Each structure stands twice: as structure tokens, then as C-alpha cells.
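I have placed the structure first, in the form of C-alpha cells, so that the comments after it can refer back to it.
There are 2 protein chains.
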Amino acid sequence: MDLVPRPLALTLGDPAGIGPDITLLAFQARLGETVPAFVLLGDPEVLAERSRLLGLSLKIEPVGDAREAIAAFGRALPVLPIAVPERVVAGQADSRAAPAVLGSIEQAVALTQSGATAAVVTNPISKASLYRAGFTFPGHTEFLAHLAGREPSDAVMMLAAGPLKVVPVTIHLPLKDVFGALSGALIVKTICITAQGLRRYFGIERPRIAVSGLNPHAGEGGSMGSEEIEMIAPAIAAAKAQGLDVTGPYPADTLFHAEARKTYDVAIAMYHDQGLIPFKTLAFNEGVNVTLGLPFIRTSPDHGTAFDIAGTGRANPRSLIEALRLAEKMHRNAEAQS
Amino acid sequence: MDLVPRPLALTLGDPAGIGPDITLLAFQARLGETVPAFVLLGDPEVLAERSRLLGLSLKIEPVGDAREAIAAFGRALPVLPIAVPERVVAGQADSRAAPAVLGSIEQAVALTQSGATAAVVTNPISKASLYRAGFTFPGHTEFLAHLAGREPSDAVMMLAAGPLKVVPVTIHLPLKDVFGALSGALIVKTICITAQGLRRYFGIERPRIAVSGLNPHAGEGGSMGSEEIEMIAPAIAAAKAQGLDVTGPYPADTLFHAEARKTYDVAIAMYHDQGLIPFKTLAFNEGVNVTLGLPFIRTSPDHGTAFDIAGTGRANPRSLIEALRLAEKMHRNAEAQS
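Chains as they are written, first to last, in the working numbering: chain X, 1 to 338; chain U, 1001 to 1338.
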């Protein structure tokens, strides 16, 4: 068990997006509901200015050490300072913030790996802004895998909302590139990392894993595509041979109605929209993006920077609050096992 | 207005599937809820035997003319006889039934085009069984287009459940064949047929049409696929130039949550699972498959033959009942306009 309580490390995300807004609103929400203590890694001035812009009167407290955040959290939003050199204007993407954005992620990983913080929770970043500043990773997840010294395919993205958990095997690719990216080995690896993650962080000893097909009607016996027969069914067999409770391939369109969802703990989808469409249809505001397979816990709200509503007061902190709660729950589950 | 009431023409579907079961159960349900009068085109003996197997005591009444069904419907299930030459065993696919299965569809179309019946409602067929008997159409919809003397692309499949309506531009193809099948012209044609159908049969004068992208995040400005920029956005512009209320391309994963669904009357998806996943996630039992673009009304339950539960009493007639009701409503809307 965790004898010394540790805060969650929350990254800044893009300072011109809604990250500061939802961070402030999640902090404020701790008065009415349970929000685990976190420390923001970012510019205190950005938070203070956004707080004024939103008409909130929240106290921002710079701290020198992450652990101070636990004591501070009752009275003020604790921030480990990382300065953004230029003035941030809500809604206006600015690549000059990139070093602070990336520094925040790097520090969250370092603090969590050192044990000073319990988990990494990330605010949304703007890939376009980071690319302009020379960032070369496809996204957050791959960057986190790199920081952990792992392969990109070691990091598995899972969407979670209460009992609903969905893992797409391939993610941010043009749809036509899915066919080259998908392989039996990648499906097996994704299934295994998912099973380990559910066991370690969700306390599900023997997760029931349902795997979708790729084609309409899961190929209907080969008449509408052969990937199910040639790749997905053998991958399922290989994962079963490792002792896992894996079934499929199922037609994706009949895998997500209420009755079907009772039959599994996690659904494995073959590509982004196949998993994200049902997930966001069912859990639009409260979904959490979880990264499994890394040597630390990472969660994130499952929405983007939403530049268009940054600073307007219209941002909804629900997904971030759920991401904070889930990170803390995953941490407790892992501690209980170690 | 329809001065002489006409029944709906209900096809037999595969006699070894659940078509007979749900036909009997839909007929029985007329006592407790509104089920419009229909005439089944099929073998009375198949119905009578399935009725005994299910422990129902329903009267089957052969009729000589479709219009007799209106008067008969109160006392018995009216059937225009088309004999299946071999004995039908529930759950056992048998290609020898193919001529009766296809004859039933042909007669339903002929009766509806002649004005003897109000609309075509089809029970599920087994494509595999029909293929073995030499059937060469990809499915029901293409066969109906052929019977109407139309091009396959004239027949547009729409899934409907209450206010939720979804139209996939491409349907029963391996996912990797979507890229070759999709074109700007096909998207525009599908949008136009959908708009005409919603106006004529659903009484929506100026339908709000939301079009999804093809790639994750609708391509995110070209960084995850170019079809949105090169094909879908121009198709939307072309449809708008015809005076239609069309918007998009939208990321498919944020198009189907409750708030988003309030903003449109119909969503156009680019491929089968993109439209069918959210539809069946939200409306698993009560969905109706509607064919637009043909010179007659056609609806169908949106499930298959379910050979595994034929004759067991476990088949759910809900989707067929909704298909019958929607066909009758579409008929009334069209009559009101003519």
C-alpha cells in the first residue's frame, strides 16, 4: 500500500486550448465531488490569467516539490512551475509554447517514474502546433512510449467509461493505411498488453476479451473480406493458446449494444473509428483515454484542445475529472497488488 | 388519399430462418398493438407447421387476391400461396427453396407496382443459400433495383429507428474495396436520393443532412487521409449547390452521441460499419432497413435469418413489426402528397 500519499502529475497541454480551463474547473469541482489531489506541471501565470478570464477566484500555489501538492490541494491549485515564455492568448495556437508543452510531459513522466507522483494525467495537446515546432511523434502516446524507452507498439490506447472499455489495434492512420499496419502479431501483442493492464490496474483477474472483425459482418465467412480468416481468427487462437479468455472475430456492428456489452470486459477493435464510434456514441463526455503497456500509469481526457471554446467558460471538465479519478483508482489497484 | 385500403406485401424470406417465426409473432402482436395489415407471399404449410412448432394457435388463411387480406387480417394470417417444393426444416438451410424465396420477392414487387399492395416488406434471406442456387446479386437491395429496372446505385439503404436515420454510401464490400467504390458522384447521388426519400416518405420538407468523413477525425485537415479534402467536401459542396441542407465532413466518432443527433435528420456514412456500428449500438432490436430510390416502398427488419434460433421461439419480431409500421407510415406520407 501507498504509505506516503502522492499526487497525480497533470500536464499543461496546449496552454491556448481548454487544458487550463478544465484544470481550473476540475480543481474547483473537488469541493462538491471527489477529485484526487494533483499537481499541475505548467506556468502558474497562465492558470492565474485563465482563472480571471473565466471569472473564477481560485488560488494558484507554486510548489517546489510534487509532494507538497497533497497538503496544498485543499486550499490552492498546486503548480510545479514551467514557464511559457510568450504570453498565451486563449484560443490562439502558438508554436512558441511547444518547449513548455513537451517539458511538462517529460517532467510528469520523470516524476512518476521516480515515484514522486502516482500517475501521469495529460491535458490535450495540439499536434499541429507541436509539428510546427519540430515535434516528430504521431501523438501523445508514441511520445510517452519514447520517454519510457519503449516501442510505439508497446503503448496501447484504451478508452474507458465505467464498465465500457475499448482498445483499437491501429489508431491515428488514414483508413487506407490500416491494411498495411494491421498484423496478426500486432493483434496478439495488443490483446496481451490489454489483458495485463486489466489485471494489474483494474483488478480483473481473467478479463473477457471480445475481438471484432475488420470487414462488414466480420467478413461473412470470407465473402466480404478475408482478414478475419487469414489474420484475426489465427491471432485470437494464438492469444487463447496463452491462456487468455479471447473470443471473436465478431461483427463490429453487433458488438456494442447493451446486451452484447455484458458479455465482455474489453472490446478490441481493428481501427480507430471502429472502436471510437461506439465508445463516443455511448460515452461522449465522460470517456477517459488510458495508455496501457508503459511502466507508469497514464490517463487523459478523450477530447482535443477545443481552441474555439478556450477561455469562454464552455469547456466541460467531466472527462478530465474522470481521467484523474481513474488514474488514482488504477494506482490504488496496482499498489494493492505490489 | 388511399380510398381502397391496401395491405403490405410481406415476403417469405428464407423459410428455414426466423422469417416464418417473426411473421407469425408479428401477426399475433396485432391483438395488443398496432400492426398494419399485411399479406404473406409464401407457403401456407410452412407457416402452419412453424406455428405448431412454436406452440401458437394461429389461423393461416390462403387468399386468392392481395386485397382480400384486409378483411381477413382480423381473423387469420392471410397468405398468397407460393409453394416451397421440399419440406422445410427450421434452422436447416436448403437451396431448393430458392425459387420460392425469389418468387416471393418478385411477386411482392409486382403486386406493389400494380397497386394491389401498398409496399414491399421483406423477411431475411440467406445469400449463401441463394448463391448456391445460382442467384448472382450481392443482396436483397440490388435484386430489388434490378426488378424495378434501376441501377444498383439507385437503391439507397437507410437504417431507421425513430428519429435516428443513417445511410451508408457503400455497403456490403470488404473494407479495402471501399476506396475504389467510393466516389464524389456516388456521394452526391446518395445524398440526393436520401433527401428526396425523406421529403416524399417521411414528410421532412428540407432534411438536415450530416455527412461523415472517411478517416479518423475526418482526416484532421489532411494529416490523416485526403479523401475528405479531395472527394467528400467537394461532394457536399455539389449537393449544397442543388439547394440541399448538407454539412460535413464530420468526424464519425463525434456524430452519433445524443447532442450531435439533434442537429440532423439523417447521417450519411461512407461505409457499412461506420454507419451500422452507431445505429445498432443505439437501436439493436427495433431498427428498420429502408430502401430509398426505387419506384416503390420497401422496408425490412435489419437482422439476418438467424438459423440458429429458427423454430425455437426465441426470435424477436420487434424489428419486423417496426418495418411493417414504417412501410405503412411511408405509404401514408406518400399518399398525402400525391
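The beta-carbon is built from N, C-alpha and C at its ideal position, and this holds for glycine as well.
Quantities reported herein were computed from a predicted structural model and do not represent experimental measurements.
(request) Determine the contact status of U:Val-1088 and U:Val-1046, defining contact as a CB-CB distance below 7 Å. (result) yes
(request) Please name the residue or residues paired with U:Ala-1210 in a DSSP beta bridge. (result) U:Thr-1247 and U:Ala-1267
(message) Whether or not the region 1284 to 1299 of chain U and the region 1169 to 1184 of chain U are in contact is what I'm after, with contact meaning three or more pairs of Cβ atoms, one per stretch, closer than 8 Å; do they touch?
(response) no
(message) With a threshold of 6 Å on Cβ separation, who are the neighbours of X:Ile-187 within its own chain once the five nearest residues in sequence on each side are excluded?
(response) Val-169 and Ala-235
(message) Applying the 10 Å Cβ sphere with the 16-neighbour rule, what's the burial state of U:Thr-1122?
(response) buried
(request) State the Cα-Cα distance for the pair U:Phe-1202 and U:Asn-1333, rounded to the nearest angstrom. (result) 6 Å
(message) Measuring only the C-alpha atoms, how far is U:Met-1001 from U:Leu-1012?
(response) Low local confidence applies: a pLDDT of 45 at U:Met-1001 is under 50, so the model's placement there is unreliable, and no value is given.
(request) Please name the residues in the region 262 to 280 of chain X whose beta-carbon is closer than 7 Å to at least one beta-carbon of chain U, in chain order. (result) His-272, Asp-273, Gln-274, Leu-276, Ile-277, Pro-278 and Lys-280
(request) Check whether the Cβ atoms of X:Val-266 and X:Lys-165 sit closer than 7 Å, and answer yes or no. (result) yes
(message) With three or more C-beta pairs closer than 8 Å as the rule, is the region 90 to 102 of chain X touching the region 126 to 145 of chain X?
(response) yes
(request) Look at the alpha carbon of U:Arg-1208 and the alpha carbon of U:Lys-1329, and state the distance between them as a whole number of angstroms. (result) 20 Å
(request) Could you tell me which residues DSSP pairs with U:Gly-1042 in its beta bridges? (result) U:Pro-1081
(message) On the DSSP bridge list, what partners appear for X:Lys-165?
(response) X:Ala-160
(message) Please classify X:Val-4 as buried or exposed, where buried requires at least 16 neighbouring CB atoms within 10 angstroms.
(response) exposed
(message) Let me confirm a value: X:Ala-336 is counted as buried when at least 16 other C-beta atoms fall within 10 Å, else exposed. Which label applies?
(response) exposed
(message) Just verifying my parser: in three-state terms, what is the DSSP assignment at X:Thr-112?
(response) helix
(request) Mind checking which residues open and close the beta strand (DSSP E) that includes X:Glu-61? (result) 60 to 62
(request) Determine the contact status of X:Leu-159 and X:Ala-195, defining contact as a CB-CB distance below 7 Å. (result) no
(request) Express the C-alpha separation of U:Pro-1078 and U:Ile-1297 in angstroms, rounding to a whole number. (result) 20 Å
(request) Could you tell me which residues DSSP pairs with U:Asn-1215 in its beta bridges? (result) U:Asn-1215 pairs with nothing; no bridge assigned.
(message) Measuring straight from C-alpha to C-alpha, what distance separates X:Leu-198 and X:Val-288?
(response) 15 Å
(message) Rounding to the nearest angstrom, what Cα-Cα distance links U:Ala-1048 and X:Ile-268 in this structure?
(response) 44 Å
(request) Could you name the residues of the same chain whose beta carbon sits closer than 6 Å to that of U:Glu-1061, not counting the 5 residues immediately before and after it, in chain order? (result) Ala-1072, Ala-1076 and Pro-1078
(request) Answer with yes or no whether the minimum CB distance from X:Phe-137 to chain U is below 7 Å. (result) no
(request) Select from the region 225 to 238 of chain X all residues with a C-beta closer than 9 Å to any C-beta belonging to chain U, and list them in chain order. (result) Gly-225, Ser-226 and Glu-227
(request) Report yes or no: is there a C-beta of chain X within less than 7 Å of the C-beta of U:Lys-1165? (result) no
(message) For X:Ala-97, tell me which candidate among X:Arg-206, X:Gly-42 and X:Glu-230 has the shortest Cα-Cα distance.
(response) X:Gly-42
(message) Counting C-beta neighbours from all protein chains within 10 Å, is the total for U:Gly-1219 16 or more, i.e. buried, or is it exposed?
(response) buried
(request) Assign U:Ala-1029 to one of three DSSP states: helix, strand, or coil. (result) helix
(request) Closer than 7 Å by C-beta to X:Ile-321: which residues in its own chain qualify, once you throw out the five before and the five after it? Chain order, please. (result) Ala-26, Ala-29 and Val-35
(request) For U:Pro-1163, count neighbouring Cβ atoms within 10 angstroms of its own Cβ and tell me buried if that reaches 16, exposed if not. (result) exposed
(message) With H, G and I counted as helix, E and B as strand and the rest as coil, what does DSSP make of U:Ser-1300?
(response) strand
(message) Between U:Phe-1256 and chain X, is any beta-carbon pair separated by less than 7 Å?
(response) yes
(message) Extract the residue ranges of the alpha helix (DSSP H) inside the region 1169 to 1209 of chain U, only unbroken runs of 4 or more that lie entirely within it.
(response) 1178 to 1181 and 1184 to 1202
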